[in-house]
Amino acid sequence: MATTVTITPSTTSISATAQTTTLTISSAIASSVGTTASNVSLGSPVGTLTGQSTVEGALNFLANQFYVATSAPSADTTNLAEGDLFYDTDDNQLKIYRETSSGNFEFVPIMIGNSSADSDTVDAGGF
């Protein structure tokens with residue numbers, strides 16, 4: 004014999020007896036929350052996300068800071084900004100968009116232990 008128990012916000016306890024062998028609990032998000040990330044608000048966005056008010060907006064913003072392709076995005080790419088990352092699938096290199104000389108921005112490879120003038124060396128820096 005199966006028994007269905009419905010739990011509402013006013014339910015505070017459930018009593019089970021020795022005859023109980025299985026308790027299955029299923030839940031659903033209230034329809035007022037919605038089914039998309041655009042309906043979920045960010046309470047206190049920080050860093051580069053301070054202009055974002057929803058999870059969807061934050062995810063889109065972050066997605067626009069990382070590129071994966073065979074060639075680097077051009078300087079006129081929408082939302083391209085210093086610090087953005089690009090993974091070059093032709094060269095298998097991770098690159099960062101930064102100012103290489105006054106007013107000149109380009110993607111520069113990030114390499115560990117490489118002292119080449121055309122790359123940035125990852126050395127953990129100082130704090």
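Note that our numbering gives residue 78 to position 75 of the sequence shown, counting from 1, and the numbers run on in steps of one. A virtual CB, placed ideally from N, CA and C, is assigned to each residue, including glycine. Since the structure is predicted, the reported quantities are computational estimates derived from the model, not experimental observations.
Q55 is a Cβ neighbour of F64, given a cutoff of 7 Å.
When DSSP states are grouped into helix, strand and coil, V49 belongs to the coil group.
Between I99 and L83, the C-beta spacing is not below 7 Å. A straight line joining the alpha-carbon of N67 with that of G60 spans about 11 Å. When secondary structure is reduced to three states using DSSP, V71 falls in the strand class. Here the alpha carbon of E85 sits roughly 14 Å from the alpha carbon of P112.
In the structure shown, the three-state DSSP call for V111 is strand.
Here S44 is bridged, per DSSP, to T57. Under the three-state reduction of DSSP, L65 is assigned to helix.
L52 and Q96 have their C-alpha atoms some 26 Å from each other.
For the pair D93 and T73, the CB atoms are nearer than the 7 Å cut-off. Under the three-state reduction of DSSP output, T103 falls in the strand class.
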